[in-house]
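Enquirer: Attaching a single structure in structure tokens format; questions to follow.
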Amino acid sequence: MKKNKIYLAALAALGLMTASCADFLDRADTNGNYVSNGFFRSEQAMYDGLMGVYNSMYMDQVQGFYMVPALVAFDHLTPMLLERTSDNTIGAGGTLNPDNAVVLYIWQRCYIGIARANEIISGAENYKAGFSAKAMEYLAETHALRAYFYYLLVGLYGDVPFLTSPVTTDNYDNEPRTPREQILDFLIADLNEMAPYLPWKREMSGRLNRGFAYGLINRLGLIGGDLDIAGKGKTYYEAAAAAAKKVIDEGGYHLAENYGDLFTKPGQAKADVFNEIFYELPYTNTTKPIKGHPIGYGQTSRIQGQTGRHSSLMFCDTYECIDGMRIDQSPIYDNAHPSKNRDPRFAYNVRMEGDEMTVNQGSVITTQILSCYKPTTQLYSFTTGEWSEVPNQDFEGVVSASWASFCNAGVGTINAKYALDTSCGISEQYIDIIVMRYPELLLGYAEAKIELGQIDQSVIDAINTVRRRANMPEIGLNGCVANETTSLSAQDKLRQRVRRERKVELMMEGLHLIDMRRWKTGDIENMYPSYGQPLIQYQYEAGIPYTTAGGESGVSLGLAPTDIPTYKAGREDINDIPCYDAYKAKLKVRDTNRRWEERFNLWPVPAQEIARTKNITQNEGY
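Written as structure tokens, this is what we have:
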């Protein structure tokens, strides 16, 4: 299989590649020239224009000299994952406001992409009847990318200005917010019309396929269904289910053999991995300037000198034990060794006490034992082939800056997804970032059918296909694994299962931020601070001498066998929201100012955009 990367060429003819949002909207209107002069009448012109739209998909969050892909950062704006700065997540500390830099950045990047797409779609209108199959394919890709930008806007901001013609300063500044119903209906119809012009599978990465187009319909339909937009929830669920079923029945997709291969450079080169991915953002060290990102263990590894992103205990505790039961129900869960006997996907996504971290520091590959509780740790050098004992800057008793210790910055855990690759340096990685892959469609199909109350074997098969790859026990029509009991109805139990699977399978892939809003779980996810591993005086093992950062000495008490989270009946149980009240004093804690307000179900419209326009209003509560 040929799997050449596409690397994004400058769209010089349109002058779009380097323009900021404001620059683009303020420039002289040249759209008429593209149409009248027939700029988009050839395959090459369509391809060149398309590359400019693809470039807009790179929404890298600038943090100092680091560029962190937005798809990775999105989940850190939920209680599942943590930024290194305390009280910096959405719903915590009041950081969600119209002047928020992330809120402005995503809005602007989406409208840049929409503007580029509209130029091409409008410019091609008079010529598409004579287009070759390849030119129509490029046009269909443009439609799908435009739909993706609107999916983000609708999912994050709600009603937004809806522009389907070339964007000029005049029409952008005067366009009011369009109801989400109209946007969803247009996009679903548009994607259904254009999807057949796309191939089911690509011969090269970095380009979206037909599965991606139908996947967007599934995403849009789930938003419309869960929020019952315009009272048409059933219609939207049906659209979501139909699109996903088409992919399952006709796409010929399969899951990769090994889950971990999806998130390494060598793994992504495998044919079975390529078959699972619908679209990914290519990163490369073969172009100038280099397109890389420091994803390793969140931002960079503690092994490199700092750490930036972490998993909360809420997220860690979402993973089942290998018997298929949640940790509060499983007889094999051991809270003194919490990473043992867990869903194998846990090890690919989270690193915690006692785990090994192996990274390429750019010239040297080393392995470090992660530890919150010991003044020294073991370091293995692949150069010398030997282990050595070195000072542990992550030791609880070490006083250091928050950025220099995963303990001080977070809660004693580090994200592992995209970080298990030693083929490139941890501060300059080139692993492609996945935008959509087949398991999402399997789970999206199941979710839509569950919400419709149409539970049949096809729903169970879709969920079990995802679980089977992870070597997890299969579920039955009641949503339970063998020997599992539940007080939930079959619909609620399956709702719990499919939501749990989305979190553990797709974490750090940019989905939970919008999932949290369409499920209306923001209030229960944000009702507690962020908890993590035990404090040094209660570390997992009892009887271990310790000294705190304040100089207090003692012997660790360990956790009691009963120190396991509980789950309140109702929404908390269905959505796997744990309660740590019984032993919270024993745990590391972050984001103590976490709170939730009804207005947080939508992001605010950026203040800058309201100031420059005449008809854009603010979301309620901001």
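Residue 2 is where the sequence shown starts when you use my numbering, and the numbers rise one by one after that.
Each residue gets a CB set at the ideal place from its N, CA and C atoms; glycine is no exception.
Please confirm whether Met-81 and Met-508 have their CB atoms less than 8 Å apart.
Expert: In this structure, Met-508 lies closer than 8 Å to Met-81 by Cβ.
Enquirer: Need the endpoints of the beta strand (DSSP E) that His-311 sits in, please.
Expert: Its beta strand (DSSP E) spans residues 310-312.
Enquirer: CA-CA distance, Ile-632 and Phe-150?
Expert: Coverage of the chain is limited to positions 2 through 623, which leaves residue 632 absent and any answer about it impossible.
Enquirer: Span of the alpha helix (DSSP H) holding Phe-347?
Expert: Where Phe-347 is concerned, the enclosing alpha helix (DSSP H) stretches over 346-350.
Enquirer: Jot down the residue ranges of each uninterrupted alpha helix (DSSP H) in the segment 433-508, minimum 4 residues, whole runs only, in chain order.
Expert: With a minimum length of 4 residues, the continuous alpha helix (DSSP H) runs that stay inside the segment 433-508 are 439-453, 458-470, 491-507.
Enquirer: Just the Cα atoms here: how many angstroms apart are Gly-480 and Val-499?
Expert: Using only the alpha carbons, I get a separation of about 9 Å.
Enquirer: In chain order, which alpha helix (DSSP H) runs of at least 4 residues are fully inside the segment 173-211?
Expert: Complete alpha helix (DSSP H) runs here, min 4: 181-195.
Enquirer: Beta strand (DSSP E) containing Ile-370: first to last residue?
Expert: Note, Ile-370: beta strand (DSSP E), 366-370.
Enquirer: Are at least three pairs of beta-carbons, each pair with one atom in the segment 211-221 and one in the segment 141-159, less than 8 Å apart?
Expert: Short answer: they touch.
Enquirer: Nearest to Glu-452 by CA position, among Thr-165, Glu-239, Thr-79, is which residue?
Expert: Nearest of Thr-165, Glu-239, Thr-79 to Glu-452, Cα basis: Glu-239.
Enquirer: Express the C-alpha separation of Asn-336 and Pro-562 in angstroms, rounding to a whole number.
Expert: Between Pro-562 and Asn-336, the C-alpha separation is close to 7 Å.
Enquirer: Quick one: give me the first and last residue of the alpha helix (DSSP H) that Trp-108 is part of.
Expert: 102-125 is the extent of the alpha helix (DSSP H) around Trp-108.
Enquirer: Quick one: residues in its chain with C-beta nearer than 8 Å to the C-beta of Asn-172, no 5 flanking neighbours on either side, listed in chain order?
Expert: Here the set comprises Leu-164, Ser-166.
Enquirer: If you draw a straight line from the C-alpha of Asp-273 to the C-alpha of Ala-257, how long is it?
Expert: The alpha-carbon atoms of Asp-273 and Ala-257 are separated by roughly 5 Å.
Enquirer: Out of Tyr-48, His-311, Glu-510, Tyr-568, which has the shortest C-alpha to C-alpha gap to Glu-526?
Expert: Per the Cα distances, Tyr-568.
Enquirer: Kindly give me the distance between the Cβ atoms of Ala-1 and Leu-199, rounded to whole angstroms, as I take these residues to be in contact under 8 Å.
Expert: Since the first residue of the chain shown is 2 and the last is 623, residue 1 is not available in this structure.
Enquirer: Residues in its own chain within less than 8 Å of Lys-375 by CB, not counting five upstream and five downstream?
Expert: Contacts found: Asn-393, Phe-396.
Enquirer: Measuring alpha carbon to alpha carbon, tell me which residue in Ile-323, Leu-209, Asn-465, Leu-536 is nearest Tyr-550.
Expert: Position check: residue 550 holds Ala in this sequence, whereas Tyr was assumed. Considering only alpha carbons, the answer is Leu-536.
Enquirer: How should Lys-494 be labelled, buried or exposed, when 16 other C-beta atoms within 10 angstroms of its C-beta is the threshold for buried?
Expert: Its Cβ being crowded by 16 or more others within 10 Å, Lys-494 is buried.
Enquirer: Are three or more beta carbon pairs between the segment 119-134 and the segment 88-102 nearer than 8 Å?
Expert: The segment 119-134 vs the segment 88-102: no contact.
Enquirer: Have a look at Leu-282 and Met-58 and give me their C-alpha separation to the nearest angstrom.
Expert: Distance between the alpha carbons of Leu-282 and Met-58: 8 Å.
Enquirer: Using CA atoms only, rank isn't needed, just tell me which of Phe-187, Glu-502, Glu-182 is closest to Lys-326.
Expert: The sequence shown places Met at residue 326, rather than the Lys named in the question. Looking at the Cα atoms, Glu-502 is the closest of the given residues.
Enquirer: Between Gly-477 and Ser-488, what straight-line distance do the alpha-carbon atoms span, to the nearest angstrom?
Expert: In a straight line, the C-alpha of Gly-477 is about 15 Å away from that of Ser-488.
Enquirer: For the segment 512-545, which segments carrying the beta strand (DSSP E) assignment without a break, of at least 3 residues, lie completely within its bounds, in sequence order?
Expert: Here the runs fully enclosed are 531-535.
Enquirer: Grouping DSSP H, G and I as helix and E and B as strand, with all else coil, what is Cys-91?
Expert: Residue 91 is actually Ile in this sequence, not Cys. The answer is coil: DSSP assigns Ile-91 none of H, G, I, E or B.
Enquirer: Please determine if the segment 338-356 and the segment 413-433 are in contact, where contact requires at least 3 C-beta pairs separated by less than 8 Å.
Expert: Yes: at least three Cβ pairs fall under 8 Å.
Enquirer: Mind reading off the beta-carbon distance from Asp-76 to Leu-444? Whole number of angstroms is fine, and I expect it under 8 Å.
Expert: Incorrect: roughly 16 Å between the Cβ atoms, too far for contact.
Enquirer: Nearest by alpha-carbon distance to Trp-597: which of Gly-39, Thr-79, Leu-72 is it?
Expert: Trp-597 has its Cα closest to that of Thr-79, out of Gly-39, Thr-79, Leu-72.
Enquirer: Quick one: using the 10 Å Cβ neighbour count with 16 as the cut-off for buried, is His-311 buried or exposed?
Expert: It counts as buried.
Enquirer: In the structure shown, what three-state DSSP assignment does Leu-82 receive?
Expert: The answer is strand: DSSP assigns Leu-82 an E or B state.
Enquirer: If we call anything under 8 Å between Cβ atoms a contact, is Tyr-539 one with Lys-587?
Expert: Their beta carbons are under 8 Å apart, which means Tyr-539 touches Lys-587 by this criterion.
Enquirer: Look at the alpha carbon of Lys-271 and the alpha carbon of Thr-265, and state the distance between them as a whole number of angstroms.
Expert: Their Cα atoms are separated by approximately 10 Å.
Enquirer: Once DSSP output is grouped into helix, strand and coil, what is the label at Cys-408?
Expert: Reduced to three states, the DSSP call for Cys-408 is helix.
Enquirer: By Cβ distance, which residues of its chain are closer than 8 Å to Thr-96, with the 5 residues on each side in sequence left out?
Expert: Closer than 8 Å at the Cβ level, and outside the excluded window around Thr-96, lie Asp-88, Asn-89, Thr-90.
Enquirer: Quick check on this structure: which residue in Ala-245, Asn-616, Arg-518, Val-590 has the alpha carbon closest to the alpha carbon of Arg-600?
Expert: Out of Ala-245, Asn-616, Arg-518, Val-590, Arg-518 has the C-alpha closest to the C-alpha of Arg-600.
Enquirer: Less than 7 Å between C-beta atoms, sequence neighbours within five positions excluded: which residues of the same chain meet that for Leu-217?
Expert: Here the set comprises Ala-145, Ala-148, Tyr-149, Tyr-152, Leu-192.
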